[in-house]
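Peer 1: This is the structure I want to talk about, given as structure tokens.
Chains as they are written, first to last, in my numbering: chain D, 2 to 82; chain X, 20 to 244.
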């Protein structure tokens with residue numbers, strides 16, 4: 002149950018990536034969550050939503066794909082065209 | 020009517036590829052390299068709260084004297100009770116408590132901080148006791164050579180089935196409180212079968228920190244691999 006701290010790191014990474022690409026407006030974050038990563042995607046989505054409030058990512062969604070390994074990987078961002 | 024604007028247009032996909040646990044993985048790799056270069060064998064213990072991690076470390080520390088120099092890092096949300104216990108059990112050892120505050124697991128950066136001021140070249144064995152938790156510690160590499168997952172006979176035989184991840188990320192399972200098996204009505208065969216079911220081929224040791232049963236075999240594994 003460390004999803005809140007993971008959500009905070011996730012936001013940090015996404016903000017960094019969006020800024021590095023010239024300030025993208027992020028609608029959704031695509032994630033790969035390994036079944037061995039010890040992460041509940043529901044709890045992570047909940048923590049993410051709350052942690053996003055008041056940031057540029059407010060209102061963005063998490064789209065998770067479950068994989069077999071230990072990874073917790075940001076695969077890509079869905080952004081305004 | 021849907022307003023026409025940029026928010027309704029199909030989104031553009033930007034590839035990122037960034038592992039969120041990467042910072043910890045990088046630190047853990049660095050730690051593992053430093054420890055190996057200094058000839059330090061690092062073993063960590065994970066289990067639910069009350070499964071007997073500290074008692075097992077006490078039993079190990081009491082016997083890991085002599086020419087082997089040992090350090091122990093113990094993680095808890097609060098108090099230095101465990102460090103005080105371990106310092107009594109192994110007065111020769113470098114013992115340090117890590118208080119995680121509200122965090123439910125140890126991370127590699129806490130191990131780095133815990134080792135500050137400790138000369139690794141003066142060490143042979145580093146023991147790390149994780150926060151009592153069968154969920155979150157599974158996701159964090161601490162740079163250890165060997166991870167032991169403890170299951171006590173008082174917890175019920177189905178612990179491995181309920182928490183498969185921690186058994187799948189550990190190297191060896193240790194059944195603790197063997198002296199209480201009969202009183203607790205624990206079916207050791209079933210417990211072993213359940214471990215085998217979630218992690219086929221996993222090595223299993225049975226110990227009693229109180230009576231000393233099985234400690235010698237574990238000691239050998241911890242100290243020598």
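Positions of the beta carbon are idealized from the N, C-alpha and C atoms, including for glycine.
These numbers come from a predicted model, not from an experiment.
Name the residues in the stretch 120–137 of chain X whose C-beta lies less than 8 Å from a C-beta of chain D; which are they?
Peer 2: Listed in sequence order: 122, 123 and 124.
Peer 1: Take every Cβ of the stretch 31–48 of chain X, pair it with every Cβ of the stretch 122–137 of chain X, and state whether three or more of those distances are shorter than 8 Å.
Peer 2: In short, these stretches touch, since the Cβ pair count reaches three.
Peer 1: Of all the CB atoms in chain D, is at least one closer than 8 Å to the CB of residue 39/X?
Peer 2: So yes, residue 39/X belongs to the interface.
Peer 1: Could you name the residues of chain D that residue 73/X contacts, counting a contact when the two beta carbons are closer than 9 Å?
Peer 2: In chain order: nothing, as chain D lies at least about 22 Å away.
Peer 1: List the residues of chain D that residue 27/X touches, going by C-beta distances under 9 Å, in chain order.
Peer 2: The contacting residues do not exist; residue 27/X stays about 10 Å from chain D at best.
Peer 1: Could you spell out the range, first to last residue, of the beta strand (DSSP E) harbouring residue 169/X?
Peer 2: Residues 165–171.
Peer 1: Under 8 Å, with one C-beta from each stretch per pair, do the stretch 58–70 of chain D and the stretch 179–188 of chain X reach the 3-pair mark?
Peer 2: Touching, no.
Peer 1: So, under 8 Å CB-CB, residue 33/D and residue 79/D are touching, yes? Tell me the CB distance rounded to an integer number of Å.
Peer 2: Going by Cβ atoms, the distance from residue 33/D to residue 79/D rounds to 15 Å, so no, they are not a contact pair.
Peer 1: Hey, is residue 35/X's beta-carbon within less than 8 Å of any beta-carbon in chain D?
Peer 2: Answer yes: the Cβ-Cβ gap between residue 35/X and chain D drops below 8 Å somewhere.
Peer 1: Cα separation between residue 97/X and residue 58/X?
Peer 2: Going by the C-alpha atoms only, they are around 31 Å apart.
Peer 1: If you reduce the DSSP assignment to three classes, tell me which class residue 190/X lands in.
Peer 2: Residue 190/X falls in the coil class under three-state DSSP.
Peer 1: Tell me, please, which residues DSSP counts as bridged to residue 116/X.
Peer 2: Per DSSP, 93/X.
Peer 1: Quick one: measure Cβ to Cβ for residue 134/X and residue 79/X, integer angstroms, because I've assumed they're closer than 8 Å.
Peer 2: About 19 Å separates the two Cβ atoms, so there is no contact after all.
Peer 1: Who are the near neighbours of residue 157/X in its chain, counting only those whose CB is closer than 6 Å to its CB and skipping five residues on each side?
Peer 2: Taken in chain order, the residues that qualify are 184, 185 and 188.
Peer 1: In angstroms, rounded to a whole number, what distance separates the CA positions of residue 234/X and residue 19/D?
Peer 2: If I take the Cα positions, the gap works out to 53 Å.
Peer 1: Which one of 86/X, 95/X, 77/X and 149/X has the shortest CA to CA distance from residue 106/X?
Peer 2: Here the closest residue by C-alpha is 77/X.
Peer 1: Under 8 Å between C-beta atoms, does residue 211/X make it to chain D?
Peer 2: It does not; no Cβ of chain D falls within 8 Å.
Peer 1: Pull up the distance between the alpha-carbon of residue 221/X and that of residue 28/X, whole angstroms please.
Peer 2: Each residue's alpha carbon lies about 52 Å from the other.
Peer 1: Who are the neighbours of residue 189/X on chain D, taking C-beta pairs under 7 Å?
Peer 2: Those do not exist, as residue 189/X stays about 12 Å from chain D at its closest Cβ, beyond 7 Å.
Peer 1: According to DSSP, what are the bridge partners of residue 154/X?
Peer 2: In the DSSP output, where bridge partners are listed per residue, residue 154/X has none listed.
Peer 1: Within the continuous alpha helix (DSSP H) that includes residue 54/D, where are the two ends?
Peer 2: Element bounds for residue 54/D: n/a, residue is neither H nor E.
Peer 1: In chain order, what residues of the same chain have a beta carbon less than 8 Å from the beta carbon of residue 68/D, not counting five sequence neighbours either side?
Peer 2: Taken in chain order, the residues that qualify are 33, 34, 35 and 36.
Peer 1: DSSP three-state call for residue 68/D: helix, strand or coil?
Peer 2: In this structure, residue 68/D counts as strand in the three-state DSSP scheme.
Peer 1: I need the boundaries of the alpha helix (DSSP H) containing residue 107/X, first residue and last residue.
Peer 2: Element bounds for residue 107/X: 100–108.
Peer 1: So the candidates are 3/D, 70/D and 77/D; which of them puts its Cα closest to the Cα of residue 38/D?
Peer 2: When only C-alpha atoms are compared, the closest one is 70/D.
Peer 1: Quick one: does residue 23/X have its CB under 8 Å from some CB of chain D?
Peer 2: Residue confidence for residue 23/X is low, a pLDDT of 48 falling below 50, so the modelled location carries little weight and cannot support an answer.
Peer 1: Starting from residue 49/X and walking both ways along the alpha helix (DSSP H), at which residues does that stretch end?
Peer 2: Per DSSP, residue 49/X belongs to the alpha helix (DSSP H) from 41–56.
Peer 1: Using a beta-carbon distance below 8 Å, is residue 217/X in contact with chain D?
Peer 2: No, residue 217/X does not count as interfacial toward chain D.
Peer 1: Tell me which residue opens and which closes the beta strand (DSSP E) that residue 66/X is part of.
Peer 2: Unbroken run through residue 66/X: none, as it is neither H nor E.
Peer 1: Using a Cβ-Cβ cut-off of 8 Å, state whether residue 172/X counts as contacting chain D.
Peer 2: No, residue 172/X does not count as interfacial toward chain D.
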